[in-house]
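Peer 1: For the working numbering, count along the sequence shown from 1 and bump the result up by 1416.
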Amino acid sequence: MNILHVCANPKNIEESVSKQLAARFFGKLMELNPDVELVNVDLYQDKPPYYSNDLYRRMWNPVFDPTYEPSKAEEAAANYAIKQAEDFKKADVLVLTMPMWNFSAPAVMKAWMDQVLAPGMVFDLTEDGPKPLHNITTLVLLVASGGIYKEDDERDALSRQVKAAFGFIGIGDIRIAWADGQNSMLFSDGAVRRDMAFEAAEELAEDLAEEAAEG
Ligand SMILES: Cc1cc2nc3c(=O)[nH]c(=O)nc-3n(C[C@H](O)[C@H](O)[C@H](O)COP(=O)(O)O)c2cc1C
1417 MNILHVCANP KNIEESVSKQ LAARFFGKLM ELNPDVELVN VDLYQDKPPY YSNDLYRRMW
1477 NPVFDPTYEP SKAEEAAANY AIKQAEDFKK ADVLVLTMPM WNFSAPAVMK AWMDQVLAPG
1537 MVFDLTEDGP KPLHNITTLV LLVASGGIYK EDDERDALSR QVKAAFGFIG IGDIRIAWAD
1597 GQNSMLFSDG AVRRDMAFEA AEELAEDLAE EAAEG
């Protein structure tokens, strides 16, 4: 199993519930499936540059004009995206770890998505719709939030965005472990909720290991 793990959290693990969720998930998976090949991308160590005009031109001009030749500056601006897309294309499982910030994903995660989920990078735009250029079938989303959000809660722009953006490029199997209610000023049962999410993360790992063993 080839896993790409992309984490968007500036905190260290002792302070971060979402990073602890990831530790529980990967701890269980490694225990059950030693054949995991894991590539970790920490978006606070390896920050995606925000879109520049050069990057925009390199990513989108060839889509609308296949004869378009990017300049050297445009190629240089796209180097981060090209490297990330290479790792994406080697994976069959994608794990995203992040906190909820302002009801959505942290800006570095969005910046990464803007660059990697681009035509010519991990999918092609065809007359029949987007055609995946990757082999990822399953996405595991590990999230922590201060508030509590029921399924399809309209305030939750995070899981909606992940489902929409990755669904668009052919990743429909999205599994979630979510430590909600982590704001102790608002909820008194944050520790119980966190432990339930840890268990859910371990169960997701068990499911993946079982599916891998079954082939
Ligand atoms: C900038 C910022 C914005 C936040 N916005 C939200 C929010 O919109 N909804 C929410 O439920 N929690 C929000 N929180 C709380 C975090 O999601 C919560 O503290 C979570 O446990 C953070 O995950 P972590 O422990 O992995 O860093 C926000 C926290 C920060 C720092």
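Idealized CB from N, CA, C, for every residue including glycine.
Nothing here was measured: the structure is a model prediction, and the numbers come from that model.
Got a sec? Which residues, its chain only, sit under 8 Å from Leu1624 by beta carbon, not counting five neighbours each side?
Peer 2: Cβ neighbours of Leu1624 beyond the five flanking positions: Met1417, Leu1445, Asn1449, Val1509, Thr1554, Val1556.
Peer 1: Go through the stretch 1512-1551 residue by residue and report every complete run of the alpha helix (DSSP H) that reaches 4 residues or more, in order.
Peer 2: Within the stretch 1512-1551, the complete alpha helix (DSSP H) runs of at least 4 residues are 1523-1532.
Peer 1: Looking at Met1525 and Met1537, is the spacing between their C-beta atoms short of 9 Å?
Peer 2: For Met1537 and Met1525, no; Cβs fall outside 9 Å.
Peer 1: Check whether the Cβ of Met1516 sits closer than 8 Å to any heavy atom of ligand 1, and report yes or no.
Peer 2: Yes, ligand 1 has a heavy atom inside 8 Å of this Cβ.
Peer 1: Where does Val1452 fall in DSSP's three states?
Peer 2: Coil.
Peer 1: Can you tell me which of Ala1523, Glu1430, Arg1440, Leu1420 puts its alpha carbon nearest to the alpha carbon of Leu1454?
Peer 2: For Leu1454, the nearest C-alpha among the options comes from Leu1420.
Peer 1: Between which two residues does the alpha helix (DSSP H) containing Ala1593 stretch?
Peer 2: That residue, Ala1593, is in no alpha helix (DSSP H); its beta strand (DSSP E) goes 1589-1595.
Peer 1: So, under 8 Å CB-CB, Ala1521 and Leu1437 are touching, yes? Tell me the CB distance rounded to an integer number of Å.
Peer 2: Between Leu1437 and Ala1521 the Cβ distance is about 15 Å, and since that is not below 8 Å, they are no contact.
Peer 1: Got a sec: does ligand 1 put a non-hydrogen atom nearer than 8 Å to the Cβ of Glu1565?
Peer 2: The displayed chain sequence assigns Tyr, not Glu, to residue 1565. For ligand 1, at least one heavy atom lies less than 8 Å from the Cβ of Tyr1565.
Peer 1: From Ser1604 to Val1479, what does the alpha carbon distance come to, in whole angstroms?
Peer 2: Using only the alpha carbons, I get a separation of about 51 Å.
Peer 1: Quick one: is the Cβ of Asn1599 within less than 8 Å of any heavy atom of ligand 1?
Peer 2: Checking the Cβ of Asn1599 against ligand 1 gives yes.
Peer 1: Using 8 Å for Cβ pairs, my map puts Pro1486 next to Arg1473. What's the rounded Cβ distance?
Peer 2: Going by Cβ atoms, the distance from Pro1486 to Arg1473 rounds to 7 Å, so yes, they are a contact pair.
Peer 1: Which term fits Leu1459, buried or exposed, when burial requires 16 or more other beta carbons within 10 angstroms of its beta carbon?
Peer 2: Buried.
Peer 1: Hey, how far is the Cα of Lys1427 from the Cα of Gln1461?
Peer 2: Their backbone Cα atoms lie some 11 Å apart in a straight line.
Peer 1: Let me know the beta strand (DSSP E) ranges lying completely inside the stretch 1557-1589, each 3 residues or longer, listed in chain order.
Peer 2: You should have found no qualifying run.
Peer 1: Is it buried or exposed, Ile1429, if we count other Cβ atoms within 10 angstroms and call 16 or more buried?
Peer 2: Exposed.
Peer 1: Quick one, which of Val1452, Lys1488, Asn1599, Gly1562 has its alpha-carbon nearest Ala1621's?
Peer 2: Of Val1452, Lys1488, Asn1599, Gly1562, the residue nearest in Cα terms is Val1452.
Peer 1: Could you check the C-alpha separation between Asn1551 and Ala1507 for me, to the nearest Å?
Peer 2: Approximately 7 Å, taken between the alpha carbons.
Peer 1: Can you tell me the Cα-Cα spacing of Phe1584 and Lys1566, whole angstroms?
Peer 2: If I take the Cα positions, the gap works out to 23 Å.
Peer 1: Could you compute how far the alpha carbon of Ala1424 sits from the alpha carbon of Lys1435?
Peer 2: Spanning the two alpha carbons is a distance of roughly 9 Å.
Peer 1: Assuming contact is defined by CB atoms lying nearer than 9 Å, are Ala1581 and Met1516 in contact in what I supplied?
Peer 2: No, the Cβ-Cβ distance between Ala1581 and Met1516 is not below 9 Å.
Peer 1: With DSSP as the reference, identify every bridge partner of Asn1418, one or two as the case may be.
Peer 2: Beta-bridge pairing links Asn1418 to Glu1453.
Peer 1: Kindly list the residues whose CB is nearer than 6 Å to the CB of Ile1587, restricted to its own chain and excluding five residues on each side of it in sequence; keep chain order.
Peer 2: Once the five neighbours on either side are set aside, the close Cβ partners of Ile1587 are Ile1552, Leu1555.
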